[in-house]
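Please read the structure below before turning to the comments.
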Amino acid sequence: MNRRVRKAYRNKLKAWQRYLEHKRSTRWREYVQERNLASKIERDEKRAFERKLAKEIGLNRKGFFKYVNSKLTVRPEISALINENGELVHDEKDMCNVCNRYFHSAFNQPIDGEELPEMDCICNIDIGNIEVTPEMVKEKLERLNKYKSCGPDNIHPHMLKETASSVCFPLSMIFEESLQTGETPDDWRKANVTPIFKKGDRNDPANYRPVSLTSQVCKVLETVVRDNILN
């Protein structure tokens, strides 16, 4: 409900209160007029909002599907999961641990003591040192999708996009330091993992897939490295 709709409903309420004070036919007609106008404005604003969501679906898929899901009659959530012992757990922390253990088991684990086989180098091109300039970082920040979610560092892409000209220099220094030392901040190696239901039994953790939300700042550095490799 935006400002225009709220104003229309306030006018409707005021007209109703005036009618209750003196129940005259003229005040009733005024109320009916404000009521109909408020309903019309709400319908028009809702259509405009939905058209905007549909038009910007390429940029804001999350917002589009969030709105669609909010209109669904049934919105089931994870209420319980079956753990490794076949027991049904309901506690939120226990369910998180069940998902974590299952998602971890789905990945191939490295074999202790196994070494990678030696392979002949068939590439004679060296990318050399990667130079990160403030201008380069600024360009990457301005191209961020502001509708994406942030990672464990809680730095939202909308903020990065709006402050690109101010933060591009310090970020370029951090990126340079990271590339030279081969180290990254701890938050860049973390992810907020959300289980997304696929199909089947909702109590079975195998019927969920993990979606990881990582740092948007780290993704900017990744695009810089990728561009240097491809070029």
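Note that the working numbering has the sequence shown beginning at 1495, numbered continuously upward.
Quick reminder that beta carbons are idealized off the backbone N, C-alpha and C, glycines included.
Supposed contact pair residue j and residue i - C-beta distance, whole angstroms, cut 8 Å
i: Y1641; j: K1713; result: The pair is not a contact, with the Cβ atoms about 14 Å apart (cut-off 8 Å).
i: R1497; j: I1535; result: With 8 Å as the limit, R1497 and I1535 do not qualify as a contact, their Cβ atoms being about 11 Å apart.
i: L1635; j: L1654; result: 5 Å
Residue i to residue j span [Cα, whole Å]
i: T1657; j: N1648; result: 15 Å
i: P1628; j: E1670; result: 11 Å
i: V1718; j: L1673; result: 11 Å
i: V1631; j: A1502; result: 45 Å
i: P1664; j: V1711; result: 12 Å
i: M1589; j: N1722; result: 42 Å
i: C1662; j: R1512; result: 57 Å
i: W1522; j: K1540; result: 27 Å
i: D1614; j: T1708; result: 34 Å
i: K1684; j: V1626; result: 23 Å
i: L1638; j: A1509; result: 47 Å
i: F1601; j: A1548; result: 37 Å
i: S1599; j: N1563; result: 31 Å
i: P1679; j: P1646; result: 11 Å
i: R1720; j: I1624; result: 10 Å
i: R1537; j: K1565; result: 15 Å
i: I1668; j: Y1596; result: 35 Å
i: E1571; j: R1500; result: 31 Å
i: L1514; j: L1507; result: 11 Å
i: N1554; j: N1594; result: 29 Å
i: G1764; j: A1542; result: Lying outside 1495 to 1725, the shown extent of the chain, residue 1764 is not represented and no answer is given.
i: K1546; j: E1633; result: 26 Å
i: E1550; j: E1524; result: 39 Å
Local Cβ density within 10 Å of residue i, reported as buried at 16 or more and exposed below that
i: S1659; result: exposed
i: S1573; result: exposed
i: G1552; result: exposed
i: F1559; result: exposed
i: L1724; result: exposed
i: L1715; result: buried
i: S1699; result: Strictly speaking, residue 1699 in this sequence is Pro, with Ser absent from that position. The residue is buried, with at least 16 neighbouring Cβ atoms inside 10 Å.
i: V1526; result: exposed
Neighbourhood of residue i by C-beta, 8 Å cutoff - its chain only, sequence neighbours within 5 removed
i: N1505; result: E1528, L1531 and A1532
i: H1584; result: S1573 and A1574
i: L1666; result: Looking at the sequence shown, residue 1666 is not Leu but Ser. Excluding sequence neighbours, S1666 sits near V1626, T1627, P1628, M1630 and V1631.
i: E1544; result: Y1561
Close Cβ partners of residue i (< 7 Å) along its chain, the five nearest in sequence each way excluded
i: N1697; result: A1574, L1575, I1576 and L1582
i: E1701; result: Per the sequence shown, residue 1701 should be read as Asn rather than Glu. If we look at N1701 and ignore the five residues flanking it on each side, its Cβ neighbours are F1691, K1692, K1693, G1694 and D1695.
i: H1652; result: K1640
Nonlocal neighbours in the same chain, by C-beta distance under 6 Å from residue i, ignoring five residues either side
i: V1705; result: T1688 and I1690
i: H1650; result: C1644
i: D1682; result: At residue 1682 the sequence reads Trp, which differs from the Asp that was named. Here the set comprises S1709 and C1712.
i: V1592; result: L1575, N1577 and P1699
i: G1676; result: none
i: K1587; result: none
Cβ-heavy atom distance, residue i to the ligand FAD, below 7 Å
i: M1613; result: Among the components modelled here there is no ligand, and therefore nothing to report on the ligand FAD.
Exercise. Enumerate, from N- to C-terminal direction, the unbroken alpha helix (DSSP H) stretches of 4 or more residues contained entirely within the segment 1569 to 1644.
Key: 1586 to 1599 and 1628 to 1636
Quiz prompt | Runs of beta strand (DSSP E) lying entirely within the segment 1663 to 1706, each at least 3 residues, in chain order | solution = 1686 to 1691
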